[in-house]
Structures are given as structure tokens and as C-alpha cells.
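>
In the working numbering, the protein residues as written are 18 to 494.
1) Confirm the yes/no value for this check: CB of residue 422, any heavy atom of the ligand COA, distance under 7 Å.
2) May I ask which residues mark the beginning and end of the alpha helix (DSSP H) holding residue 149?
3) What is the rounded straight-line gap between the Cα of residue 414 and the Cα of residue 407?
4) So the alpha helix (DSSP H) residue 196 belongs to, where does it begin and stop?
5) For residue 164, which option in 149, 182, 371, 155 has the closest C-alpha, if you only look at C-alpha atoms?
6) Taking the CB atoms as reference points, tell me whether residue 190 and residue 157 lie closer together than 8 Å.
7) Kindly give me the distance between the Cβ atoms of residue 185 and residue 159, rounded to whole angstroms, as I take these residues to be in contact under 8 Å.
8) Beta carbon of residue 218, beta carbon of residue 372: below 8 Å?
9) Quick one: complete beta strand (DSSP E) runs, 3+ long, within the segment 52 to 76?
10) Could you spell out where the alpha helix (DSSP H) holding residue 132 opens and where it closes?
11) Using the Cα positions of residue 161 and residue 179, report the straight-line distance between them to the nearest angstrom.
12) Please state the DSSP three-state secondary structure of residue 171.
13) Since residue 107 sits in a beta bridge, which residues does DSSP pair it with?
14) What's the C-alpha gap between residue 444 and residue 438?
15) Which of the three DSSP states is assigned to residue 85 in this structure?
16) Secondary structure at residue 420, three-state DSSP: helix, strand or coil?
17) Could you tell me the alpha carbon to alpha carbon distance between residue 271 and residue 262, rounded to whole angstroms?
18) Taking one C-beta from the segment 454 to 465 and one from the segment 197 to 210 each time, how about it: are there three or more such pairs within less than 8 Å?
19) Output yes or no for whether 8 Å exceeds the beta carbon distance between residue 134 and residue 146.
20) Can you round the beta-carbon distance between residue 45 and residue 70 to whole angstroms, since I take them to be within the 8 Å contact cut?
21) Could you compute how far the alpha carbon of residue 477 sits from the alpha carbon of residue 138?
22) How is residue 348 classed by DSSP in three states: helix, strand or coil?
23) Going by DSSP, what residue range makes up the beta strand (DSSP E) through residue 222?
24) Please name the residue in 394, 33, 232, 259 whose C-alpha comes closest to that of residue 101.
25) Would you mind reading off the limits of the beta strand (DSSP E) that contains residue 383?
26) Is residue 187 near residue 155, with beta carbons less than 8 Å apart?
Here is the structure:
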């Protein structure tokens, strides 16, 4: 479908046509998925230093030319080839700004990657650009050498350990904005949440929109939420046929199926707390239909809690939490979504998934229940009750009954890359397990790609609201 130009403006003479579209710091293709949905055509160029990410990108966006290069080594003017720039999106590395990095050493060269935005803007005169990063990016400021007990810190190579200067928080971000404004751009920024635009994840990100075409910056209105289309949920992303293994499994039995047992004490505490909160204390239980019967799931995130903080879990009917790069993502627990990172117990599966990261931190744990107890299942039911007493710190009967059935086991598994890509809002047509050359992509690499990805719905909404050649939803259908 061809894109349709919006109503012309006397101030929009920079837009002779759609122009050249680029994506800097392109990963597996989330931003480009959103751009394509909004414009009706593939972006012209995708730039990243990671060959694996770009090969996956190529598999999903064959019409986009990929450049495996450091962003500073690319002269965007040469890519225009006598055409004009139209729209460029940037997603600089967020690791040195995120809350997960708080207090840890940082590198000036990584924190400074966003300066490439100003260089590209200056050399191409692109009329519209967007930038995506973590919310804390607005705190970007100068660094100072870290100290401990009055002594300056150095790493094992003798280099100074640098950390953000708390007294100059946000100074560099303001300078960066001022630079864009000096180039003739109107600049605005806002925090958007992916769940508000139809992704089953509660991923919050800071977006910057800069334009020099005289047209107003437009922030898209939420399409999902209270009084609107209901939020999409974590539950719809889950493949309920994928088996989970008992948390009571022996170390030897676990080794046979490739899982780790016994689980860490903090993990067991999160699971038990999730069962207590989302099963035992929940009147309106979420029950998923599976080939082997009903399960009542919740997710257990795998980040650690701060000292004195209660464990974190989420119901499977809420959106996913933020997805981050790695293998720390999700497991199946009875009635909620458990999060294995600091300060979270879990959540209801009827809500979006929490933030998905590159290190798997959500686990889905399921509780099995039976209507009739044998001697064997009775022993297992007693073990489940003993477990809840010990790790959730609550008084329960000798046998726990839910919906008229006895709980006889608690199982847990990590969420798969496919489930997490669904959580980011990618369709099942998105190819992440095989690259453009037919090479298998490792699960670790896939986790990194999904955790670093931009939910396509966020970019689609932003481009649709601001690009003069964007399609309407009706035109794109």
C-alpha cells in the first residue's frame, strides 16, 4: 500500500517526498517494524555494529540495506545519493543510564553515543528525527572519579573508575537538546508506556522528537487502558503447552531435563509469596485452559530484592514487565507473574508483562491440582503446604484446596524468546531464531535482541503522529 501525504502545510516545504528513512542503533528490527507499519514501506537503511542483530534484521526486513558499522564511522550524507533525508530514528545504548546500572562504573564513550544524533542532524538536515532511551537518560550528565573511604578508585588496569556526578545530573542532556535547537530544531521529550499503545508489556521509555519543518510535534494519544481498549495481557503471550518442571525435583532428575534444582532461597521465597498473594488470597483466579487441564499461572521475575523488600510476582493477565537483553525473563507459577529482580514479587497474568530485559528475569510457575488424592499425591500435597508455610510465612491447612482441588505440585520454567517477543508486541511472523543466511541464532543472542528491542507499536504511534507521509490506520489495514 502506498503512503498518503497528509494535508500540505506552507511551512512543510522540506517534505518534497517521503525522503530517505534510516534507523541508527538498529537491533533485531523493532523500530523498523514500527516504521514500516506507519509508512507502508521498509526503512532505507539500518545501522548497527552487531552483525548478529543486523542479520536477524535482514531476515525480517530484506528491502532495508543494513550497515554493520560503528555509528561514528557512517557518513549519512553518502547514503542519501542525491535524495533528501526524511526521517531518522535513533536508539542509543541505554545500559549506562538505566536504573539497573545505578552506582556502577560507566564509560564516557558509551554515554556519549547520543551525540551522533546532533552530527547526523547537522550533516543531513533531516526534517524529522526521534530518539528512544530509558527514562533516566534525561539525567545524562558529566562523570567524576569514584571514591571509597576518601580514596579514588581505579580498575584492574589502572584506569580511573568513573560514575555520574550527582551534583550535575541532567547537564549534558540539556546541552544536547540545546545543540539540536541551535541547528534549527524544535525539541520535545516525553515518557511513553508501551502498554498504552497495544503492546503486552509495561515498558516505559523516554522519547525525543525533533523537527525543523515548521510542523508541530504531536504526542500520540493512548489507544489502550482504562476507558479505552483493554490492555493486552501477559497471558496471551504464553504457550501453555510448553512443559514446566517441579520446583521439588531432585538435582539429579533436574540435570536430566536440563534445569537447575534446587532453586535459590530467594527464588523459592518469591514463588511461595506469589502463590499466597495470587492464589490463596485471590477470589477471582485466572485459569488457563491447557491440553492437560486447567492451570492457575503467575509470573516470577528473577531480579533480586533489596534488603527488607518483599518478593515480586505478577499475574499472567497483566502486561509483561520491561524486557531487557539477556536470559533473566519469566517462569510459570500458580496465579501470577514472578519477577526475579530487586523489589518485585510478581503480578497478575491479566495485566501486561513487566519490563523485559536481555537477561531472563520472568518465570512462569504453575500449580497442579487434583480432585482425588492417592497416597502419593497426598504426600505431594502435604509437601506443597509445608513449602508455603516455610517460605510464605503463612498458616495453611495440611492440604491446600483451590477451586475444590488439592494443590499437589508447583512447577516453574523460564519464558521462551518467542513468548518475550510476543510480550514486546512482535507478531509470530517475526523471525529471530534463524538469520538472513540461514544460521541458527542462539537463545542467548535471541534474549539479547528481544531485551534491546523497541516495541514496534511505540514507534508506529510516534511516526504516525508526526510524519507527513504516514498512513492512517485505515489506509494501512
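Note that CB positions come from ideal geometry on N, CA and C, so glycine has one too.
Keep in mind the model is a prediction, meaning the values are calculated, not measured.
In terms of the structure at hand:
1) Although the ligand COA was asked about, the structure shown includes no ligands whatsoever.
2) First-last for residue 149: 145 to 150, but that is the beta strand (DSSP E), not the alpha helix (DSSP H).
3) 13 Å
4) 188 to 199
5) 182
6) yes
7) 5 Å
8) yes
9) 62 to 65
10) 132 to 141
11) 5 Å
12) strand
13) 41, 148
14) 8 Å
15) strand
16) coil
17) 8 Å
18) no
19) yes
20) 6 Å
21) 21 Å
22) Low local confidence applies: a pLDDT of 34 at residue 348 is under 50, so the model's placement there is unreliable, with the coordinate-based value given in what follows. Three-state result, residue 348: coil.
23) 221 to 228
24) 33
25) 379 to 387
26) yes
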